[in-house]
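Peer 1: Sequence positions in the sequence shown follow numbering that gives the first Met the number 0 and run 0 to 158.
Ideal Cβ placement from N, Cα and C applies to all residues, glycine included.
The structure displayed is predicted, hence computed values, not measured ones.
The structure's right below; bear with me while I get my questions together.
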Amino acid sequence: MTARTTRLDDGVRAALRAAGAAAKKGLADPGLAELVQIRASQLNHCAFCLDMHLAIARKDGVVSEAQLDLLDAWEEAGDVFDARERAALELTEAVTVLTGGTSQACGSGGGFVPDEVYERAARHFDAAKLAHLIGLITVINSWNRLMVGRRIPPGSTEW
0 MTARTTRLDD GVRAALRAAG AAAKKGLADP GLAELVQIRA SQLNHCAFCL
50 DMHLAIARKD GVVSEAQLDL LDAWEEAGDV FDARERAALE LTEAVTVLTG
100 GTSQACGSGG GFVPDEVYER AARHFDAAKL AHLIGLITVI NSWNRLMVGR
150 RIPPGSTEW
């Protein structure tokens, strides 16, 4: 596959990098950050980001091989993921896919992210960490769309 374009505004790149770094720092859990980024990238079919974040998770040893192997089927993976990780992954899917709610009106209570999904996550994360988690999910979704939309191949150094 050939990239459609490798052009990305330096300001956009810098802003997304800064937002991602701030979200990761505030979440303060490098392993969970990688799980979330990998899961969103799986859902978005972003080979570039999958390649990058799987390599980071393995290199830094922040995620077990069993978790990496079973992430795509986390709901069926038994005790490979704890309740906190499951809540974060469920929220990642809800924010990434944005189809679970009953109301399409923003702020109407039902929204796209079901209340029960948000509430499960809120049981495991205080308000600040939950905000950082949602921020991280948002940033990786932005990166996924930038890379998939431009067809940036895995391992590319020009993007």
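(1) Does DSSP put Ser155 in a helix, a strand or coil?
(2) Would you decide whether Ser63 is buried or exposed? Buried here means 16 or more other CB atoms lie within 10 Å of its CB.
(3) Using DSSP with H/G/I as helix, E/B as strand and the rest coil, what is Asp78?
(4) Assuming Asn43 is part of the alpha helix (DSSP H), what are its boundary residues?
(5) Can you name, in chain order, every residue of its own chain whose Cβ lies under 6 angstroms from the Cβ of His123, other than the five neighbours on each side?
(6) Using alpha carbons as the reference points, say which of Ser141, Ile151 and Thr156 lies closest to Arg16.
(7) Determine the DSSP secondary structure at Ser141, reduced to helix, strand or coil.
(8) When DSSP labels each residue in this structure, what does Asp71 get in the three-state scheme?
(9) If you draw a straight line from the C-alpha of Thr1 to the C-alpha of Asp68, how long is it?
(10) Measure the Cβ-Cβ separation of Phe47 and Pro113 and say whether it is below 8 angstroms.
(11) CB-CB under 7 angstroms to Asp59, same chain, minus the five flanking residues each way: which ones, in chain order?
(12) Any beta carbon of chain B sitting closer than 8 angstroms to that of Tyr117?
(13) Measuring alpha carbon to alpha carbon, tell me which of Gly19, Lys23 and Arg12 ends up nearest Lys128.
Peer 2: Taking the geometry as given:
(1) Here residue 155 refers to the residue found at position 156 when the sequence shown is read from its first residue. Correct three-state label for Ser155: coil.
(2) As a first step, residue 63 must be located in the sequence shown, where it is residue number 64. So Ser63 ends up on the exposed side.
(3) Taking the sequence shown and counting its residues from 1, the one referred to as residue 78 is at position 79. Note: Asp78 maps to helix in three-state DSSP.
(4) Residue numbering aside, residue 43 sits at position 44 when the sequence shown is read from its first letter. If you look at Asn43, you'll find it isn't in any alpha helix (DSSP H); DSSP assigns it neither H nor E.
(5) Indexing the sequence shown from 1 puts residue 123 at position 124. Excluding residues within five positions, the ones whose Cβ falls inside 6 angstroms are Arg83 and Ala86.
(6) Residue mapping note: residue 16 aligns to position 17 of the sequence shown, counting from 1. The candidate whose alpha carbon is nearest that of Arg16 is Ser141.
(7) As a working note, residue 141 is residue 142 in the sequence shown. If DSSP states are grouped into helix, strand and coil, Ser141 belongs with the helices.
(8) The residue you call residue 71 lines up with position 72 of the sequence shown. Three-state DSSP puts Asp71 in a helix.
(9) Position 2 of the sequence shown holds residue 1. Position 69 of the sequence shown holds residue 68. Straight-line Cα distance between these residues: approximately 28 angstroms.
(10) Along the sequence shown, one-based indexing puts residue 47 at 48. Along the sequence shown, one-based indexing puts residue 113 at 114. Contact: no.
(11) Walking along the sequence shown from the start, residue 59 turns up at place 60. Scanning its chain for C-beta atoms nearer than 7 angstroms, with the 5 sequence neighbours on each side dropped, one finds around Asp59 the residues Pro29, in chain order.
(12) Here chain B cannot be found, since the structure has a single protein chain.
(13) Translated into the one-based positions of the sequence shown, residue 128 becomes position 129. When each option's Cα is compared against that of Lys128, the closest is Lys23.
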